[in-house]
Amino acid sequence: MCGHGTTIGGPLSHFRDLFALIPESYHPRLGVCVDTCHSFAAGYDLRSPAGWDRFMTEFDETIGLKFLRAWHLNDSKTPLGSNRDLHANIGTGFLGLRAFHNLMNDKRAEGMPMVLETPIDRPVDGAGTRAKNKNTIEDKSVWAKEIKLLESLIGMDPESKEFLELEAKLADEGKEERAKHQAMFDKKAKENSGKSKDIRSMFGKGKPKRKGSKKKDDSSEDEIDGKCGSSHE
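Under this note's numbering, think of the first position of the sequence shown as 1, with each following residue one higher.
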């Protein structure tokens, strides 16, 4: 639900509107799976307890928590509101470990299926980073470690030394990747800021071409065309 391009599913209101199109007799068969990266990419800030609670409250008021059935867990390689679905390992992306601490300690999410969708490739020689070493292999033990990591967050004090050290360690692992995508995000934002157009500039460029010769009686119409053409420049 990252809201990329013309894809539906960015704001939670899209799901409400979709459900409204379906007969209520089918509603018991409906459910929503929230993807942490998609939600963050769509502009929902899940990093602080307050931001997390706002998201869950909006979900309840807009769709209804009874329709929340599952979670896809992944960090985000790109900044908040990027509309890009690029998954990162837990704690290494822009969401950070605190977002997952919020989830793992939310009673409203208890008992729900949670599926990891994080990268499991690692350098063949076991050293360096993916950015420096493109020769990688799949290592499913990454998921086992992340499952244990997520379980360890339950009941952990987010201001404790244990949490802060873990948070800093994981954030450092993703430092280069975040910097790269932040630079790309900033560059695109700068380019887009200079592309704003008024309604006239969106339709045609330059002065309209005249077809054939004009009679002197048509001079007033030519002047009008000329003015419209100049406004397009």
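Ideal placement from N, C-alpha and C gives every residue a C-beta, glycine not left out.
Could you round the C-beta distance between residue i and residue j to whole angstroms and report it? I think they count as a contact, below 8 angstroms.
i	j	result
V32	I63	6 angstroms
T36	L46	7 angstroms
S82	A50	In fact, because the Cβ distance is near 21 angstroms, the residues do not count as touching under 8 angstroms.
P158	R108	P158 to R108, Cβ: 18 angstroms. No contact.
E146	L116	6 angstroms
F55	S39	7 angstroms
K77	E177	6 angstroms
E95	F59	In the sequence on display, residue 95 carries Leu and not Glu. With 8 angstroms as the limit, L95 and F59 do not qualify as a contact, their Cβ atoms being about 17 angstroms apart.
P113	Q182	With a Cβ gap of about 32 angstroms, P113 and Q182 do not count as contacting.
P123	H87	No, P123 and H87 are not in contact; Cβ-Cβ is about 18 angstroms, not under 8 angstroms.
E165	M156	That belief does not hold up - the Cβ atoms of E165 and M156 are roughly 12 angstroms apart, past 8 angstroms.
Would you give the residue range spanned by the beta strand (DSSP E) that residue i belongs to?
i	result
D35	V32 to D35
In terms of residues, what are the limits of the alpha helix (DSSP H) holding residue i?
i	result
H27	Run containing H27: none; DSSP gives neither H nor E here.
L18	S13 to A20
D53	P49 to T62
D45	Where D45 is concerned, there is no enclosing alpha helix (DSSP H), given that its DSSP letter is neither H nor E.
K187	K175 to S193
By DSSP's criteria, residue i is part of a beta bridge. Which residues make up the other side?
i	result
W71	V34 and M114
Can you check whether the C-beta of residue i is within less than 7 angstroms of a C-beta belonging to chain D?
i	result
R47	Judged by its chain identifiers, the structure shown contains no chain D, having just a single protein chain.
Is residue i close to the ligand NAD? I mean its beta-carbon at under 6 angstroms from any heavy atom of the ligand.
i	result
E61	Looking for the ligand NAD in the displayed structure turns up nothing, as the structure carries no ligands at all.
Inside the stretch 77–165 only - beta strand (DSSP E) runs reaching at least 3 residues
114–116, 121–123 and 136–138
Three or more beta-carbon pairs under 8 angstroms between the stretch 80–96 and the stretch 160–180, yes or no?
yes
On the three-pair Cβ rule with 8 angstroms, is the stretch 95–108 touching the stretch 66–81?
yes
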